[in-house]
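Encoded as structure tokens, the structure appears first; notes follow it.
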Amino acid sequence: MNRRKFVGLVGVAGGAGYLSMRASKTEDKGPDPGPPGKSPVAVLKAASYDEDLVAKIREGAALCGLDVRGKRVLLKPNLVEFDSATAINTDVAVIAAALAAFRSLGAADVRIGEGPGHRRDTLGLAEEARYLHGIPDFERLFTDLNRDDVRPVDNFAGERFYFPETVLGADVVVSLAKMKTHHWAGATLSMKNLFGLVPGAVYGWPKNKLHYIGIPRAVAELNRTFRNTFALVDGIVGMEGNGPIQGRPKHAGVLVMGQDLAAVDSTCCRIMGIDPAKVEYLRLASRVGHVRESGIEQRGERPAAVRTNFELIHQFRNLRLV
Amino acid sequence: MAESLRQRLDFLLRTQNDDGGWGYFPGKRSWLEPTAYAMLALDKRANAAVLDRAWHLVESWQLADGSWRPGADVAGPGTWVTALGVHLCCARGCFDQRFTRGVAWLMGTQGRECNWFARFIGAIQPGGPDNDVSHRGWPWLRGTTSWVEPTAQAIIALRIAEPHCPSVPGVADRVADAEEQILSRRCRDGGWNYGSRRALGIDLPSYPETTALALLGLQARSDAVREEIAHARKLLAETHSRLARAWLAVALQAHSEQSPAPEGEPSADILLAALEAIAHPEGTRSAFRVPGRSA
Numbered sequence: 000m001n002r003r004k005f006v007g008l009v010g011v012a013g014g015a016g017y018l019s020m021r022a023s024k025t026e027d028k029g030p031d032p033g034p035p036g037k038s039p040v041a042v043l044k045a046a047s048y049d050e051d052l053v054a055k056i057r058e059g060a061a062l063c064g065l066d067v068r069g070k071r072v073l074l075k076p077n078l079v080e081f082d083s084a085t086a087i088n089t090d091v092a093v094i095a096a097a098l099a100a101f102r103s104l105g106a107a108d109v110r111i112g113e114g115p116g117h118r119r120d121t122l123g124l125a126e127e128a129r130y131l132h133g134i135p136d137f138e139r140l141f142t143d144l145n146r147d148d149v150r151p152v153d154n155f156a157g158e159r160f161y162f163p164e165t166v167l168g169a170d171v172v173v174s175l176a177k178m179k180t181h182h183w184a185g186a187t188l189s190m191k192n193l194f195g196l197v198p199g200a201v202y203g204w205p206k207n208k209l210h211y212i213g214i215p216r217a218v219a220e221l222n223r224t225f226r227n228t229f230a231l232v233d234g235i236v237g238m239e240g241n242g243p244i245q246g247r248p249k250h251a252g253v254l255v256m257g258q259d260l261a262a263v264d265s266t267c268c269r270i271m272g273i274d275p276a277k278v279e280y281l282r283l284a285s286r287v288g289h290v291r292e293s294g295i296e297q298r299g300e301r302p303a304a305v306r307t308n309f310e311l312i313h314q315f316r317n318l319r320l321v
Numbered sequence: 000m001a002e003s004l005r006q007r008l009d010f011l012l013r014t015q016n017d018d019g020g021w022g023y024f025p026g027k028r029s030w031l032e033p034t035a036y037a038m039l040a041l042d043k044r045a046n047a048a049v050l051d052r053a054w055h056l057v058e059s060w061q062l063a064d065g066s067w068r069p070g071a072d073v074a075g076p077g078t079w080v081t082a083l084g085v086h087l088c089c090a091r092g093c094f095d096q097r098f099t100r101g102v103a104w105l106m107g108t109q110g111r112e113c114n115w116f117a118r119f120i121g122a123i124q125p126g127g128p129d130n131d132v133s134h135r136g137w138p139w140l141r142g143t144t145s146w147v148e149p150t151a152q153a154i155i156a157l158r159i160a161e162p163h164c165p166s167v168p169g170v171a172d173r174v175a176d177a178e179e180q181i182l183s184r185r186c187r188d189g190g191w192n193y194g195s196r197r198a199l200g201i202d203l204p205s206y207p208e209t210t211a212l213a214l215l216g217l218q219a220r221s222d223a224v225r226e227e228i229a230h231a232r233k234l235l236a237e238t239h240s241r242l243a244r245a246w247l248a249v250a251l252q253a254h255s256e257q258s259p260a261p262e263g264e265p266s267a268d269i270l271l272a273a274l275e276a277i278a279h280p281e282g283t284r285s286a287f288r289v290p291g292r293s294a
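In order, the protein sequences belong to chains A and B.
Going by numbering that gives the first Met the number 0, the first residue of the first sequence is number 0, and it counts up by one from there.
Going by numbering that gives the first Met the number 0, the first residue of the second sequence is number 0, and it counts up by one from there.
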């Protein structure tokens, strides 16, 4: 063994030991009990995008007690990159149905906004993902959150952060997420989807500042900062394996909804065969939302009844729900 | 003047804000990025008063540390747009203290990943690091990692600035090192994405718009990127993105390649309209050309 290899092995062993200690320490702690009361989460079966999704979303909103009458609603889909071979983005059918559903529920205004983390040409990306042609009047309704005017918000991860006017002016932000695994965070659902609220014009492409805050902490901070939210997770076809971009499509056949994003994401994890107590950002979010099953009032389908294990990359095999 | 160019320049003149800047979209608050591209798109002689108003605004956005803030609504800190501030100083022929402080800020800024610890981790990582961390590029904002676009913009600004700042040491060496970083981050398909060629050992694809920006940053290395220029020509023919087409046209022209004029009505996107005007064969394509190109 030469000196370089020896130094390398010592480094790897030390790093592995540290990560192992850190993981066992945080897992032992587990999620907080959460706020008083229970959070309703609706799980509705939808076998394909051809079903009556407007009716499903109306049913889910009713099951969760959501009232959007007279409110300004912002739909925030998950638009990342486009690859016709897989399922990266929130499906256009879900966005179009959400637009129709929230209008029919009496919202004063329903708009769509997104700030992709990698691509500068948001509208071009929306065209590739068929949003431009699949959603009536899309260009008029759409705001590129990366290049919107901004206002400061104090005490985001201990500092002043800037967020888009369109987001801060909405009464309800609907996180229209995709049910996916994530190669850094374990899973990306309605809370991680809020990364797209951070403006690229200030923080860049990618929004690397969030990575230095720490992905779990940044996800939890977004969830703590934006409390006027509703989650609608597109799990009809999600993504497993090396998500959020290079994984494989995975049919789960569900829509998951609720006003407590931590509870919705924890439910999604259980459906995906992931233990939410082992997902760090959910543990952090358990201070303001429910992660434990005992704090979630499941409506519609039981998560165990629709569970379909999403393949996990090697680094996240320990997240598997027993 | 060609009609497609005239339409875009008229659009820019109509959408200038009262404060002298431009927003990303008409009626929105001013930001430095669309203001810079609008200024670079407009002819200096024909639009002197318009450009003077814009320049006064840009001057007022420079912070005490020499950096520029990105827009009217953002108090600070300064960001990657400092490269555009320095670029505009050069375009205006303004080589005073503002210029020197802007260059100094760029020279004092580098990606956070470029340190001994990251190099150590890279050295011990099985299979080698996903990205080479031995070169110094530029981040979107200080305290974060360097990426392709801010690095390319800083290279362009410093290459244009270098003849005017002989008292600042090390500019040529720093730029050459940053060019090496861009070359090291080329994706396997021959282009560039935001700056990560691999993640967890798996190759990532390039994007047309960032490929264009990388090639703009590598104008002085034309001979080293012949295959990538050919790839950019292919991307230009294939992409549906107007933004990517505009950047690719500017980049190919900077490498002495022909590129077509933008077509259609101007977009409501001010940055895009400005870039399409710059990219037009009758436009101000030299705005992004650097001295000492190898082509």
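Backbone N, C-alpha and C fix where the C-beta goes; we use that ideal spot for every residue, glycine too.
Val278 of chain A: first and last residue of the uninterrupted beta strand (DSSP E) it sits in: To locate residue 278 of chain A, count along the first sequence from 1; it is residue 279. It is not in any beta strand (DSSP E) - Val278 of chain A carries neither H nor E in the DSSP assignment.
Neighbour list for Trp30 of chain B in chain A, Cβ cutoff strictly below 8 Å: Taking the first residue of the second sequence as position 1, residue 30 of chain B is located at position 31. Arg146, Ala200, listed in chain order.
Sequence-distant residues of its chain with Cβ nearer than 7 Å to Leu4 of chain B (five each side left out): Counted from its first residue, the second sequence places residue 4 of chain B at position 5. Only Ala276, His279, Glu281, Gly282 meet the Cβ criterion.
Residues near Thr89 of chain A by beta carbon distance below 8 Å, same chain, minus five either side: Walking along the first sequence from the start, residue 89 of chain A turns up at place 90. Around Thr89 of chain A: Pro76, Asn77, Leu78, Leu175, Ala176, Lys177, Asp233.
Cutoff 6 Å; reference Leu56 of chain B; Cβ partners in own chain excluding five residues on either side: Residue 56 of chain B sits at position 57 when you count from the first residue of the second sequence. The residues are Asp18, Gly19, Gly20.
Neighbour flag for Pro165 of chain B against chain A, beta carbons, 8 Å: Within the second sequence, the letter at position 166 stands for residue 165 of chain B. Answer no: the Cβ-Cβ gap between Pro165 of chain B and chain A never drops below 8 Å.
Beta carbon proximity, Asp18 of chain B to chain A, threshold 8 Å: Numbered from its first residue, the second sequence carries residue 18 of chain B at position 19. Not one chain A Cβ lies under 8 Å of Asp18 of chain B.
Inter-residue CB distance, Leu105 of chain B and Ala153 of chain B (contact presumed, cutoff 8 Å): As a first step, residue 105 of chain B must be located in the second sequence, where it is residue number 106. As a first step, residue 153 of chain B must be located in the second sequence, where it is residue number 154. 5 Å between Cβ atoms; contact.
The stretch 121-138 of chain A: positions lying closer than 9 Å to chain B by Cβ: Leu122, Gly123, Leu124, Glu126, Glu127, Glu138
Per-residue DSSP class, three states only, for Tyr130 of chain A: By 1-based counting over the first sequence, the position of residue 130 of chain A is 131. Three-state result, Tyr130 of chain A: helix.
DSSP-derived helix/strand/coil call for Ala276 of chain B: For this step, residue 276 of chain B is matched to residue 277 along the second sequence. Of the three classes helix, strand and coil, the one that applies to Ala276 of chain B here is helix, per DSSP.
Pick from B:Pro290, B:Arg284, B:Phe287, B:Ala272 that is closest to Arg7 of chain B, judged by C-alpha positions: Along the second sequence, read from residue 1 onward, the residue named residue 7 of chain B stands at position 8. That would be B:Ala272, whose Cα lies nearest to the Cα of Arg7 of chain B.
Three or more C-beta pairs below 8 Å linking the stretch 72-80 of chain B and the stretch 150-166 of chain A: yes
Tyr161 of chain A (DSSP reduced to helix, strand or coil): Walking along the first sequence from the start, residue 161 of chain A turns up at place 162. DSSP places Tyr161 of chain A in strand when its eight states are reduced to three.
Inter-residue CB distance, Pro34 of chain A and Val236 of chain A (contact presumed, cutoff 8 Å): Here residue 34 of chain A refers to the residue found at position 35 of the first sequence. Here residue 236 of chain A refers to the residue found at position 237 of the first sequence. Not really, about 33 Å apart at Cβ, beyond 8 Å.
Distance CB(Leu73 of chain A)-CB(Ala169 of chain A) smaller than 8 Å: By one-based count along the first sequence, residue 73 of chain A stands at place 74. By one-based count along the first sequence, residue 169 of chain A stands at place 170. Yes.
Beta-carbon neighbours of Asn154 of chain A, restricted to chain B and to distances below 7 Å: Along the first sequence, one-based indexing puts residue 154 of chain A at 155. Those do not exist, as Asn154 of chain A stays about 16 Å from chain B at its closest Cβ, beyond 7 Å.
Short-range partners of chain A found in the stretch 179-203 of chain B, where Cβ spacing is below 9 Å: Asn192, Tyr193, Gly194, Ser195, Ala198, Leu199, Ile201, Leu203
Ala61 of chain A vs Gly257 of chain A beta-carbon contact at 8 Å: Locating residue 61 of chain A in the first sequence gives position 62, counting from the first residue. Locating residue 257 of chain A in the first sequence gives position 258, counting from the first residue. No, they are not a contact pair.
Short Cβ contact (8 Å threshold) for Gln15 of chain B with Val49 of chain B: Position 16 of the second sequence, counted from the first residue, corresponds to residue 15 of chain B. Position 50 of the second sequence, counted from the first residue, corresponds to residue 49 of chain B. With contacts defined as CB atoms closer than 8 Å, Gln15 of chain B and Val49 of chain B qualify as a contacting pair.
Per-residue contacts from Val149 of chain A into chain B (C-beta, under 9 Å): Residue mapping note: residue 149 of chain A aligns to position 150 of the first sequence, counting from 1. Neighbours of Val149 of chain A on chain B, chain order: Arg28, Gly70, Asp72, Val73.
Simplified DSSP assignment, three categories, for Trp139 of chain B: Here the question's residue 139 of chain B lines up with position 140 in the second sequence. The answer is coil: DSSP assigns Trp139 of chain B none of H, G, I, E or B.
Runs of alpha helix (DSSP H) wholly within the stretch 203-247 of chain A (minimum 4 residues, chain order): 207-212, 214-224
Beta bridge counterpart(s) of Ala186 of chain A as assigned by DSSP: Taking the first residue of the first sequence as position 1, residue 186 of chain A is located at position 187. Answer is A:Thr180.
Continuous alpha helix (DSSP H) stretch holding Asp64 of chain B: start and end: For the purposes of this step, residue 64 of chain B is taken as residue 65 along the second sequence, with counting starting at 1. Element bounds for Asp64 of chain B: n/a, residue is neither H nor E.
Cβ-Cβ distance between Cys267 of chain A and Leu188 of chain A below 8 Å: In the first sequence, the residue the question calls residue 267 of chain A occupies position 268. In the first sequence, the residue the question calls residue 188 of chain A occupies position 189. Contact flag set, yes.
Interfacial residues, the stretch 224-245 of chain B to chain A, with Cβ spacing under 9 Å: Thr238, His239, Ser240, Arg241, Leu242, Ala243
Nonlocal neighbours in the same chain, by C-beta distance under 7 Å from Leu215 of chain B, ignoring five residues either side: The count along the second sequence starts at 1 and reaches residue 215 of chain B at position 216. Excluding positions up to five away in sequence, the list reads Ala151, Ile155, Val249, Ala250, Ala253, Phe287.
For Pro74 of chain A, the first and last residue of its enclosing beta strand (DSSP E): Translated into the one-based positions of the first sequence, residue 74 of chain A becomes position 75. First, the amino acid is wrong: residue 74 of chain A is Leu here, not Pro. Unbroken beta strand (DSSP E) run through Leu74 of chain A: 71-76.
Inter-stretch contact at 8 Å, needing at least 3 Cβ pairs: the stretch 189-199 of chain A / the stretch 217-232 of chain A: Yes, they touch.
Spatially closest choice to Val172 of chain A from A:Leu221, A:Leu124, A:Glu80, by CA coordinates: In the first sequence, the residue the question calls residue 172 of chain A occupies position 173. It is A:Leu221.
Status (buried if at least 16 other CB within 10 Å, exposed otherwise) for Asn207 of chain A: As a position in the first sequence, residue 207 of chain A is number 208, starting the count at 1. When all chains shown are included, Asn207 of chain A counts as buried.
Nearest-angstrom Cα separation, counted from Met38 of chain B out to Ala53 of chain B: Here residue 53 of chain B is taken as the residue at index 54 of the second sequence, counted from 1. Here residue 38 of chain B is taken as the residue at index 39 of the second sequence, counted from 1. For Ala53 of chain B and Met38 of chain B, the distance between alpha carbons rounds to 7 Å.
Bridge partner(s) assigned by DSSP for His250 of chain A: One-based indexing of the first sequence puts residue 250 of chain A at position 251. DSSP, once it has assigned bridges, lists A:Val236 as partnering His250 of chain A.
Buried or exposed (CB count within 10 angstroms, at least 16 for buried), Pro215 of chain A: Counted from its first residue, the first sequence places residue 215 of chain A at position 216. That one is buried.
Residues bridged to Gly257 of chain A [DSSP beta-bridge criterion]: Mapped onto the first sequence, residue 257 of chain A falls at position 258. For Gly257 of chain A, the beta-bridge partners assigned by DSSP are A:Val40, A:Ala230.
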